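Visitor:
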Amino acid sequence: SAVISQKPSRDICQRGTSLTIQCQVDSQVTMMFWYRQQPGQSLTLIATANQGSEATYESGFVIDKFPISRPNLTFSTLTVSNMSPEDSSIYLCSVEGSGETQYFGPGTRLLVL
Amino acid sequence: QKEVEQNSGPLSVPEGAIASLNCTYSDRGSQSFFWYRQYSGKSPELIMFIYSNGDKEDGRFTAQLNKASQYVSLLIRDSQPSDSATYLCAVFNAGKSTFGDGTTLTVKP
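Residue numbers (my numbering), protein chains in the order written: chain P, 1 to 113; chain U, 1 to 109.
1) Are any of the Cβ atoms in chain P nearer than 8 Å to that of PHE34/U?
2) Enumerate in chain order the residues of its own chain whose CB-to-CB distance from LEU113/P is below 8 Å, with the five nearest sequence positions on each side excluded.
3) Excluding five sequence neighbours on each side, which residues of the same chain lie with their C-beta closer than 7 Å to the C-beta of THR48/P?
4) Using a Cβ cut-off of 8 Å (strictly closer), state whether GLN22/P contacts chain C.
5) What residue does the beta strand (DSSP E) around ILE47/U start on, and which one ends it?
6) Taking C-beta pairs closer than 8 Å, name the residues in chain P that ASP100/U reaches, listed in chain order.
7) By a C-beta neighbour count over all protein chains shown, 10 Å radius and 16 as the cutoff for buried, is GLY52/P buried or exposed?
8) Please give me, in chain order, every unbroken run of the beta strand (DSSP E) with length at least 3 that falls completely inside the stretch 80-104 of chain U.
9) Report the neighbours of THR30/P on chain U: residues whose CB is nearer than 7 Å to its CB, in chain order.
10) Do LYS65/P and SER81/P have their C-beta atoms within less than 8 Å of each other?
11) Along chain U, in chain order, which residues have C-beta atoms closer than 8 Å to that of PRO106/P?
12) So which residues of chain P does PHE49/U contact, with C-beta pairs closer than 7 Å?
13) Taking GLY107/P and GLN6/P to be in contact with their CB atoms under 8 Å, please state how far apart those CB atoms are, rounded to whole angstroms.
14) Are the stretch 47-58 of chain U and the stretch 98-105 of chain U in contact at 8 Å, needing three or more beta carbon pairs?
15) With 8 Å set as the bound, which would you pick, yes or no: does the beta-carbon of SER97/U sit closer than that to a beta-carbon of chain P?
16) At the level of alpha carbons, what is the spacing between SER40/U and THR86/U?
17) Starting from the Cα of PRO14/U, find the closest Cα among VAL91/U, ALA94/U, ASP83/U and THR62/U and give me that residue.
18) My understanding is that ALA131/U touches LEU105/U, with C-beta atoms under 8 Å, so please give their C-beta distance in whole angstroms.
19) Check whether chain P comes within 8 Å of LEU88/U, counting only Cβ atoms and requiring the distance to be less than that.
Quick look at the structure:
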């Protein structure tokens, strides 16, 4: 299984600002995913990030609000732009393992005031 | 209709009992099915996966898949307090996994 780290682990931000979340994997992976999980709710896929191509966004999520970078096979960033209190959530990155399994990072807990 | 639906829960069982968690999915083209466990304040971790109809056992865990009925289940035998967590069913199709809302299990000593 992959070892995944995320930075920051938590943050408190002011409305209107942006936060960039980093995801680092200890091995090269093709597929990386970004999820949002609001308190007491399940995981919602934001986008899929493949190295060397544009991220693929799910319905309801747009690149201007959640720009993603994937510069190499071990790293990705998700930016939450022009934040509002509704963006308060846990943001998780994950990578695809064998057989379409997924391994998740520890998450970034974001509170927007 | 949600793509992946789970028992609303919460589910409470006594220590040593069998916990049964159920999941149905809507897309008949789905090929791969997963159970993840999520402890409070932690990220999900994979505990079981199943691709073929029938049962798959791993220790105290058994996953069951019935593609005709579009149904996946997870049985936890000899439940322990450490099994208390939220269990997420996930279905893989078209390059991505879709997660259910989860069932919260409490195992009482």
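Beta carbons: idealized from backbone N, C-alpha and C, even for Gly.
Just so you know, these numbers come straight off a predicted model, no measurement behind them.
Guide: Considering the structure as presented:
1) By one-based count along the second sequence, residue 34/U stands at place 34. Answer yes: the Cβ-Cβ gap between PHE34/U and chain P drops below 8 Å somewhere.
2) Locating residue 113/P in the first sequence gives position 113, counting from the first residue. So the list reads ILE12, CYS13, GLN14, ARG15 and PRO85, once near-sequence residues are dropped.
3) By 1-based counting over the first sequence, the position of residue 48/P is 48. Contacts found: MET31, PHE33, ALA55 and THR56.
4) Reference to chain C is not applicable here, since the protein chains of this structure are P and U.
5) The residue given as residue 47/U occupies position 47 in the second sequence. It spans 45-50 - the beta strand (DSSP E) in which ILE47/U sits, taken as one unbroken run.
6) Mapped onto the second sequence, residue 100/U falls at position 100. First, the amino acid is wrong: residue 100/U is Gly here, not Asp. Near GLY100/U (Cβ distances below 8 Å), the residues of chain P are SER42.
7) Taking the first sequence and counting its residues from 1, the one referred to as residue 52/P is at position 52. Classification for GLY52/P: exposed.
8) 85-93 and 96-99
9) What you label residue 30/P is simply residue 30 of the first sequence in a count that begins at 1. By Cβ distance, chain U contributes nothing, its closest Cβ being about 11 Å from THR30/P, past 7 Å.
10) For this step, residue 65/P is matched to residue 65 along the first sequence. For this step, residue 81/P is matched to residue 81 along the first sequence. Yes, they are a contact pair.
11) Against the first sequence, residue 106/P aligns to sequence position 106. By Cβ distance, chain U contributes LYS42 and SER43.
12) Within the second sequence, the letter at position 49 stands for residue 49/U. What PHE49/U touches in chain P: GLY99 and THR101.
13) Start at 1 with the first residue of the first sequence, and residue 107/P comes out as number 107. Start at 1 with the first residue of the first sequence, and residue 6/P comes out as number 6. The Cβ separation is near 6 Å, so the contact holds.
14) no
15) Within the second sequence, numbered from 1, the residue matching residue 97/U stands at position 97. For SER97/U, the answer is yes, since a Cβ of chain P falls inside 8 Å of its Cβ.
16) Taking the second sequence and counting its residues from 1, one reaches residue 40/U at position 40. Taking the second sequence and counting its residues from 1, one reaches residue 86/U at position 86. About 8 Å.
17) Translated into the one-based positions of the second sequence, residue 14/U becomes position 14. Of the listed residues, the one whose Cα sits closest to PRO14/U is ASP83/U.
18) Since the first residue shown for chain U is 1 and the last is 109, residue 131/U is missing from the structure and cannot be characterised.
19) For the purposes of this step, residue 88/U is taken as residue 88 along the second sequence, with counting starting at 1. At least one chain P Cβ lies under 8 Å of LEU88/U.
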